[in-house]
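If you count by the working numbering, then the sequence shown holds residues 10 to 271, one letter each, in order. Glycine included, each C-beta is placed from N, C-alpha and C at the ideal position. For reference, the structure discussed in these notes is given below.
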Amino acid sequence: MEFSSCYLSIGDRKPEKKDFEKIEQNFAEKIGKNYFLISTELTNNFFWLSARYDSKMPRSDIVVNVIDFSLEDNPRKEDQVEPRKQFFSLYDFNKDVLYVSSLKNKSTFEEILKQYVVENISIKNIIKDIDEFYSQVSSIQKIYFSSVARDLFSSRGLLQQSLCDNYAMEEPECFSIEAIYKKSLDSKIKNVISCLRKQKSQGKLKKIIIQGKDDQGFEKIFNEGTFVNKINIDYSSDGDDAGMIYEELIKNSLLRKLEINV
């Protein structure tokens, strides 16, 4: 099973633990043609969601007996659903990354979250290679970065001098900056991004997230973080007698690979 990383935003901001607190631990939901049985877990470090689901249709009137290959009436009634499919997702609050077991089902996570969050929700695929990102975008909308270094706000820094003079603020331990743009991708903005990436390589910046758009207006996300784009989980021995995957084992395996504490 391959988990893919995505960028999740709620109301144009990164999610917080409180955004998930109203979501029940166990509940049923109908999304489109599918009926879901959903289980969740929320901690200070992650939000976990697993689901078993399927649709009522199509439904065959007959089934095949695998012993003698005889035909029998289908015992499943028309108003019943057999939840044979499974979907898993995990949001990492520390890395601000959403991991989903199937990219085609990321809209499922979005639809479930919409039941509990009023703000607009967006889930985008993440690009980690800067050249690939540049090849896909024509304009830049947002640059977000955070730091554990104090250089920009040091007593000799221009930002700290301005804050002290105007607001009597002291030097912070860390900071985050979000710059909003409506600017085409050109050499100047590339130089800004290059300087930020250099700061990150020197250990001064902890995270750089860049949002751009292509010629068709579709958003693209660049995140030069410490996360992994693809994570493979071996579940060959994690299934029950009916062929369903044990959700708890998948969750624990994913947490171990991501080095997330329970």
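Opening and closing residue of the alpha helix (DSSP H) in which residue i lies
i, result
"Asp140", "Ile139 to Gln145"
"Val201", "Ser196 to Ser210"
"Ile149", "Element bounds for Ile149: not the alpha helix (DSSP H) but the beta strand (DSSP E), Ser148 to Ser156."
"Phe118", "Lys115 to Lys123"
"Ile259", "Glu256 to Leu267"
Residue of the options minimising C-alpha distance to residue i
i, options, result
"Ile152", "Val271, Asn232, Asn261 and Glu257", "Asn232"
"Gln34", "Ser116, Glu50 and Ile136", "Glu50"
"Asp138", "Met253, Asn43, Ile202 and Leu263", "Ile202"
"Ala188", "Phe78, Glu141, Ile217 and Asp223", "Ile217"
"Tyr244", "Leu17, Ile71 and Gln95", "Gln95"
"Phe45", "Lys192, Tyr62 and Lys115", "Tyr62"
"Lys65", "Val271, Ile40 and Leu58", "Ile40"
"Ser111", "Ile76, Val75, Leu205 and Leu99", "Leu99"
"Ile269", "Gln225, Lys191, Lys42 and Asp101", "Asp101"
"Leu58", "Arg68, Ile186, Gln150 and Ile32", "Ile32"
"Leu205", "Asp195, Ile186, Asp223 and Lys191", "Ile186"
"Leu267", "Glu30, Ser147 and Val237", "Val237"
"Phe36", "Pro67, Tyr125 and Glu87", "Tyr125"
"Lys199", "Phe154, Lys26, Tyr143 and Ile240", "Tyr143"
"Met8", "Thr52, Ala60 and Glu30", "No answer is possible for residue 8: the residues shown for the chain start at 10 and end at 271."
Run of the beta strand (DSSP E) containing residue i, from where it starts to where it stops
i, result
"Leu17", "Glu11 to Ile19"
"Ile132", "Ile130 to Ile136"
"Glu25", "Neither: Glu25 is in no beta strand (DSSP E) and is coded neither H nor E."
Residue burial classification, residue i (beta-carbon count within 10 angstroms, cutoff 16)
i, result
"Ser164", "Any answer about Ser164 is weak, because its pLDDT of 48 lies below 50 and its placement is not dependable; what the coordinates show is given next. It counts as exposed."
"Leu80", "exposed"
"Asn114", "buried"
"Phe227", "exposed"
"Lys104", "buried"
"Tyr176", "Residue placement at Tyr176 is flagged as unreliable, the pLDDT there being 47, under the threshold of 50; the coordinate-derived value follows with that caveat. Under this definition Tyr176 is an exposed residue."
"Tyr108", "buried"
"Leu167", "Residue confidence for Leu167 is low, a pLDDT of 44 falling below 50, so the modelled location carries little weight; the figure read from the coordinates is stated next. Under this definition Leu167 is an exposed residue."
"Pro24", "buried"
"Asp28", "buried"
Opposing strand residues paired with residue i [DSSP bridges]
i, result
"Phe36", "Ile47"
"Lys94", "Tyr62"
"Val106", "Asp101"
"Val73", "Leu80"
Proximity below 7 Å, CB of residue i to CB of residue j
i, j, result
"Tyr16", "Ile135", "yes"
"Ser262", "Ile242", "yes"
"Ser156", "Phe184", "yes"
"Gln145", "Lys229", "yes"
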